[in-house]
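Data block below; observations after.
Residue numbers (UniProt numbering): 1 to 251.
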């Protein structure tokens with residue numbers, strides 16, 4: 001029973017946990033009248049349920065939530081982080097057909113990587129876990145390596161620790177360090193917790209740099225390491241459990 005005395009959980013949360021879609025996408029499905037309990041159309045994502053018995057989406061019964069699964073995928077550049085692209089460009093799901101192990105089921109990307117950005121992309125079957133990983137409030141660190149052309153000093157990079165405002169958009173704390181430099185080319189490592197759209201590229205361009213390659217090498221405690229490009233590996237349940245506890249979330 002909830003603290004307010006009402007029983008059950010919101011249907012949007014239950015459907016997300018069952019891997020139907022992210023909670024935000026489930027809420028849109030409900031608004032569009034695609035979710036039913038029996039023959040009755042659900043009209044609000046705040047509907048409380050103890051379980052998903054009798055619930056259907058687009059006329060298909062929803063299965064009970066499975067155990068949370070998490071996969072690390074080395075996304076190559078040149079793929080869209082979406083199920084389909086109106087322009088017809090290849091998506092991550094094109095590569096995932098061969099990268100994921102048999103029986104992986106439906107998975108959703110945790111956050112996004114731009115078309116030209118490569119590296120670690122986490123995938124999960126649990127929409128609630130996806131939301132937990134993405135929320136700025138949980139402050140999960142994303143770590144990137146950027147190859148950039150231009151002139152910048154370590155002192156300039158260290159100023160990013162205070163955040164920066166670019167064209168009215170405020171970007172929070174970024175921990176940036178020069179890895180190595182050859183002439184006007186350099187590799188820079190950056191760690192941040194917000195993950196706003198194109199954040200790393202915009203911040204480095206603001207410093208007068210031209211980014212030629214961007215790789216995400218870490219997301220929370222999960223690292224890209226030596227995972228070959230275009231392949232995926234499942235993260236052991238024990239690691240997921242430890243990570244959830246570190247966030248103060250219930251397993």
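We put the beta carbon where it would ideally sit given N, CA and C, even for glycine.
No experiment lies behind these values; they were computed from the predicted model shown.
Contacts around residue i, its chain only, beta-carbon distance under 6 Å, and the 5 residues preceding and following it disregarded
| i | result |
| --- | --- |
| residue 123 | 71, 73, 107 and 109 |
| residue 37 | 54 and 55 |
| residue 47 | 11 |
| residue 96 | none |
| residue 160 | 174 and 176 |
Neighbourhood of residue i by C-beta distance below 7 Å, restricted to the same chain and skipping five residues each side
| i | result |
| --- | --- |
| residue 63 | 18 |
| residue 259 | Nothing in the structure corresponds to residue 259, since the chain is present only between 1 and 251. |
| residue 178 | 154, 157, 186 and 188 |
Rounded C-alpha distance that separates residue i from residue j
| i | j | result |
| --- | --- | --- |
| residue 92 | residue 84 | 9 Å |
| residue 51 | residue 10 | 10 Å |
| residue 16 | residue 29 | 11 Å |
| residue 99 | residue 75 | 10 Å |
| residue 146 | residue 207 | 13 Å |
| residue 101 | residue 176 | 36 Å |
| residue 195 | residue 202 | 12 Å |
| residue 41 | residue 86 | 30 Å |
| residue 227 | residue 121 | 11 Å |
| residue 104 | residue 143 | 26 Å |
| residue 205 | residue 197 | 14 Å |
| residue 26 | residue 182 | 49 Å |
| residue 81 | residue 7 | 37 Å |
| residue 39 | residue 59 | 10 Å |
| residue 89 | residue 79 | 7 Å |
| residue 134 | residue 246 | 15 Å |
| residue 127 | residue 240 | 14 Å |
| residue 234 | residue 215 | 20 Å |
| residue 114 | residue 229 | 16 Å |
| residue 238 | residue 31 | 37 Å |
| residue 199 | residue 165 | 11 Å |
| residue 167 | residue 136 | 21 Å |
| residue 236 | residue 212 | 34 Å |
Cβ pair residue i, residue j closer than 8 Å
| i | j | result |
| --- | --- | --- |
| residue 252 | residue 217 | Here the chain comprises residues numbered 1 to 251, so residue 252 is not present and cannot be evaluated. |
| residue 210 | residue 149 | yes |
| residue 116 | residue 77 | yes |
| residue 34 | residue 57 | yes |
| residue 131 | residue 193 | no |
| residue 68 | residue 125 | yes |
| residue 13 | residue 23 | yes |
| residue 141 | residue 191 | yes |
For residue i, the residue or residues it bridges with in DSSP
| i | result |
| --- | --- |
| residue 33 | Answer is none; residue 33 lacks a bridge partner. |
| residue 175 | 191 |
| residue 143 | 191 and 218 |
| residue 237 | Per DSSP, none; premise fails for residue 237. |
| residue 149 | 185 and 210 |
| residue 80 | 91 |
Close beta carbons around residue i, own chain, < 8 Å, minus the five adjacent residues each side
| i | result |
| --- | --- |
| residue 184 | 149, 150 and 151 |
| residue 162 | 173 |
beta-carbon residue i near the ligand MG non-hydrogen atom, thresh 7 Å
| i | result |
| --- | --- |
| residue 78 | For the structure depicted, the ligand MG is absent and the ligand set is empty, with no information on it obtainable. |
Review point. Is there contact here, the region 222-242 with the region 158-175, by at least three beta-carbon pairs under 8 Å?
Key: Cβ pair count under 8 Å is below three, so no.
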